Every structure is written in C-alpha cells, then in structure tokens.
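Structure, rendered in structure tokens:
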C-alpha cells in the first residue's frame with residue numbers, strides 16, 4: 001500500500017469548491033485561497049478547430065489570436081494599457097474542441113478584469129491593421145514550423161492515425177487556408193460560434209466564493225449571444241490496421257524526431273487511470289521510465305525518449321516519442337518496439353508499481369499549491385464530469401491499481417503489430 005504523508009482533506013473537495021450554473025449556459029467553479037493576494041481566472045468555451053470548414057482551416061486559432069486586438073470600447077493599445085494598469089494578464093488560445101483563456105489580477109480588480117474579458121469575447125472589432133499583423137505572424141510561424149522535425153513528425157503521426165477525422169488537421173491550419181481567411185470570415189465565425197453556452201470558468205485565489213460569484217454574474221454570467229450555434233458531434237475514428245509508416249523528409253537536419261503510437265483509452269473511461277500509472281512506468285518516471293533508460297541511457301540512441309498519454313474529450317493517443325541521430329533511427333524504432341512488447345507481455349514489477357504510485361500521490365498536493373494548478377484541476381472535474389470529490393479520491397484510486405490492471409490495459413491498447421510510426425528528418429536510406 002502506498003504511504004500517504006498528507007490528509008486528503010487539504011485537497012479541493014465538495015466542502016470548499018463552489019459550483020454555480022447561470023441562465024446563459026455558463027458555469028463557474030471557485031475555491032478560495034486567502035493566503036494569496038492574487039486571483040487566477042481560467043476557462044474554456046466553444047468553439048475549437050475540430051469543426052472548421054476545410055477551406056478555412058485555422059480560423060478558430062486566428063479568431064482567438066485577434067480577440068484582444070481591439071473592441072468597440074477599446075482600441076488595441078487602450079485595451080492593453082487597461083490590462084497593464086491593473087498589473088493583470090490575459091491570454092486566449094484555441095484548441096481542438098474549445099477556446100481557452102487564462103487571466104490573473106489582484107482581488108480588488110476582479111470585477112474590472114471579468115468585465116474586460118466579457119468585452120473581448122462579445123465586442124471584438126478585428127481591426128484591419130491588427131488583422132494583417134497577426135496573419136503575417138501566423139504565416140511566419142507556419143513557415144518556421146515546417147522546418148521543425150518534432151512538429152512535422154507530430155503532424156505526420158496525426159494524419160496517419162486520424163485520417164479522415166478532424167483531429168488529422170493541424171489546429172493552426174495551413175498557409176493556403178490562412179491566406180483565404182478575411183476579416184469578414186472572422187466576424188462571421190465569432191458571431192456563430194463564440195458564446196456563453198458551454199463556457200466553464202474556474203476562479204481561484206484570494207477571493208471569497210460570494211464575491212467571485214457576484215463579479216462573474218455581472219459580467220460573463222450576463223453575456224448572451226442569441227446567434228450562437230452548437231458545435232456538431234465529433235465523428236468516430238477508424239480502427240488501425242497493421243503498421244502504418246510515415247516519414248517527412250527535411251534536408252540538412254542533424255536530428256530525426258520519431259513518434260510511435262496508438263489510440264489511448266477514453267479519458268473518462270475505467271481504463272484511463274491504470275494507463276496513467278502504466279505510462280509512468282513505460283516512459284515518464286525518473287529519467288523517463290523504461291523507454292528513457294533503455295533507448296537513451298543504456299543504448300545511447302536518443303537525445304530524448306519518453307512516452308506520453310493523451311487526454312481529452314475526443315479520441316486521444318498513447319505515444320512514444322524520441323529525438324535521434326538519423327543514423328540511429330531504425331535501431332531506436334526496433335528497441336522501442338522491444339520495450340512495447342515487454343510492456344504488453346509481462347507484469348510490471350512490484351517495485352516499479354510502488355514507486356510510481358508513491359510519486360503520483362506525492363505530486364498531487366504539489367500540483368495544487370498554485371492558483372493555476374487548482375483552477376486547471378477544477379476545470380478538469382467539470383470537463384470530464386468527475387464529481388467534486390474526485391481529487392480527494394485520487395490517492396486511493398492510484399493505490400488500487402494493480403500490476404494485472406496495467407498489463408490488461410497495455411495489452412488492450414498497445415497492439416505491437418498495429419501501430420503508427422512517424423518520423424521527420426533526413427531522407428530515409
């Protein structure tokens with residue numbers, strides 16, 4: 001049994017998390033931390049990139065990048081002066097299923113900052129000067145990214161595993177689709193999809209729940225977009241068949257990046273927690289688990305090597321990633337597949353399991369020490385419908401994972417003859 005050196009009562013739970021829904025379809029979670037002078041706001045809302053039209057791939061990210069470029073009340077410089085005057089911060093980004101935002105301020109500025117967040121969401125003007133500047137920045141970034149071996153290996157992997165699914169498309173889109181997007185396109189996309197229905201916000205830090213609820217209700221809780229359309233359901237993914245090998249040739253590169261993977265358990269399903277524990281053993285714990293020890297430390301075949309377990313509401317992946325000298329690529333692939341074969345055929349050791357469970361439990365309170373960590377944890381409770389007592393249950397859930405659970409999950413999801421192997425770097429010899 002994993003030794004636990006802290007009380008779960010110190011973790012967020014039903015007695016200190018306030019959860020309130022609002023008539024406009026939004027929801028607020030808040031937990032006070034009165035020892036902190038700052039307040040952290042973090043949230044997500046529709047839309048994401050997974051539902052873009054093919055000719056306008058990248059529009060969700062483009063729109064998110066322009067929300068703080070100017071509003072009906074504040075021009076670009078005025079808006080940022082307002083934020084800086086408070087000593088506050090605000091960032092907005094887009095992902096596959098949602099637009100995310102994060103902001104921070106002092107307690108006395110919370111109503112003012114929340115009102116400003118509502119303003120940038122509901123009244124952006126997408127000014128022409130900033131539109132051209134941001135479009136140029138995005139196109140420049142894509143040009144640089146096209147020469148990045150890690151990014152290109154990731155994209156090749158996504159294309160191979162997701163195929164006709166929306167997740168096969170990069171969230172930033174492509175140069176030719178970005179070039180096609182106009183200011184009117186951004187205005188139309190914003191009007192049709194960005195709205196409070198489905199918005200979830202967490203407020204953590206030096207503010208009492210009643211004060212946070214009141215400030216939210218007067219700002220984001222009162223925002224209405226009658227034109228907001230629901231996002232369609234994601235289609236299912238196609239099952240993998242055999243080994244799929246993809247390579248992107250980038251000349252004059254000293255490193256080849258490699259991604260080997262398969263589909264992961266559903267984040268909301270019963271197999272995810274055993275997979276999380278197993279992934280630590282496979283390629284995270286210590287110097288990146290078994291993969292790091294075998295491929296990097298002992299064989300010296302990689303600059304880095306680890307495994308990664310994806311999470312999210314849509315279909316996600318379980319990967320092994322590595323950066324290698326091009327001449328070592330085939331050796332690294334073979335050794336990684338050997339470790340995967342071992343992972344799917346043998347029970348992990350009692351020592352490995354004990355150490356990893358202790359590490360996961362020990363990290364839990366550390367991950368929640370900051371307002372940002374707590375806010376992210378609260379958002380995940382709502383995103384995955386886990387209940388307000390889930391965080392306090394995690395230590396016992398980790399302790400209940402057995403060696404047999406890990407082997408069963410490994411054998412279910414890692415089929416060593418059904419994999420995607422993607423790489424990017426010098427031409428294959």
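In the working numbering, the protein residues as written are 1 to 429.
C-beta atoms are modelled at their ideal positions from N, C-alpha and C, and glycine is treated no differently.
Bear in mind the structure is a predicted one, so any value in this text is a computation, not a measurement.
Residue i classed as buried or exposed, judged by whether at least 16 other C-beta atoms fall within 10 angstroms
{"i": "residue 85", "result": "exposed"}
{"i": "residue 30", "result": "buried"}
{"i": "residue 267", "result": "buried"}
{"i": "residue 56", "result": "buried"}
{"i": "residue 366", "result": "exposed"}
{"i": "residue 412", "result": "exposed"}
{"i": "residue 71", "result": "buried"}
{"i": "residue 247", "result": "buried"}
{"i": "residue 138", "result": "buried"}
{"i": "residue 149", "result": "buried"}
{"i": "residue 176", "result": "exposed"}
{"i": "residue 429", "result": "exposed"}
{"i": "residue 335", "result": "buried"}
Coil, strand or helix - residue i by DSSP
{"i": "residue 427", "result": "coil"}
{"i": "residue 247", "result": "strand"}
{"i": "residue 7", "result": "coil"}
{"i": "residue 257", "result": "strand"}
{"i": "residue 393", "result": "helix"}
{"i": "residue 352", "result": "helix"}
{"i": "residue 345", "result": "coil"}
{"i": "residue 412", "result": "helix"}
{"i": "residue 317", "result": "strand"}
Contact check, residue i vs residue j, beta carbons under 9 Å
{"i": "residue 257", "j": "residue 320", "result": "no"}
{"i": "residue 392", "j": "residue 8", "result": "yes"}
{"i": "residue 353", "j": "residue 403", "result": "yes"}
{"i": "residue 431", "j": "residue 47", "result": "Residue 431 lies beyond the range of the chain shown here (1 to 429); nothing can be said about it."}
{"i": "residue 157", "j": "residue 259", "result": "yes"}
{"i": "residue 308", "j": "residue 292", "result": "no"}
{"i": "residue 117", "j": "residue 90", "result": "yes"}
{"i": "residue 273", "j": "residue 43", "result": "no"}
{"i": "residue 69", "j": "residue 130", "result": "yes"}
Minimum Cβ-Cβ distance from residue i to chain D less than 9 Å
{"i": "residue 353", "result": "No chain D is present in this structure, which holds just one protein chain."}
Closest Cα partner of residue i within the set the options
{"i": "residue 127", "options": "169, 75 and 149", "result": "75"}
{"i": "residue 214", "options": "304, 27 and 418", "result": "27"}
{"i": "residue 447", "options": "238, 324 and 413", "result": "This structure cannot settle anything about residue 447, because the visible part of the chain is limited to 1 through 429."}
{"i": "residue 73", "options": "294, 176, 22 and 123", "result": "123"}
{"i": "residue 121", "options": "100, 109, 177 and 286", "result": "100"}
{"i": "residue 11", "options": "394, 425, 414 and 115", "result": "394"}
{"i": "residue 420", "options": "240, 103, 212 and 174", "result": "240"}
Please specify which runs of the alpha helix (DSSP H), each continuous and at least 4 residues long, are wholly inside the segment 156–225, giving them in chain order.
Uninterrupted alpha helix (DSSP H) stretches at least 4 residues long and entirely within the segment 156–225 occur at 175–180, 183–193 and 209–217, given in chain order.
At what residue ranges does the segment 266–301 contain a whole run of the alpha helix (DSSP H), taking only runs of 4 or more?
Complete alpha helix (DSSP H) runs here, min 4: 272–283 and 285–291.
Length-filtered (4 minimum) alpha helix (DSSP H) runs lying within the segment 8–79
Listed in chain order, the complete alpha helix (DSSP H) runs (minimum 4 residues) inside the segment 8–79 are 59–66.
Residue ranges of each beta strand (DSSP E) run of no fewer than 3 residues wholly in the segment 88–119, ordered along the chain?
When DSSP assignments are scanned along the segment 88–119, the uninterrupted stretches of beta strand (DSSP E) that are 3 or more residues long and fall wholly within it turn out to be 89–94 and 99–106.
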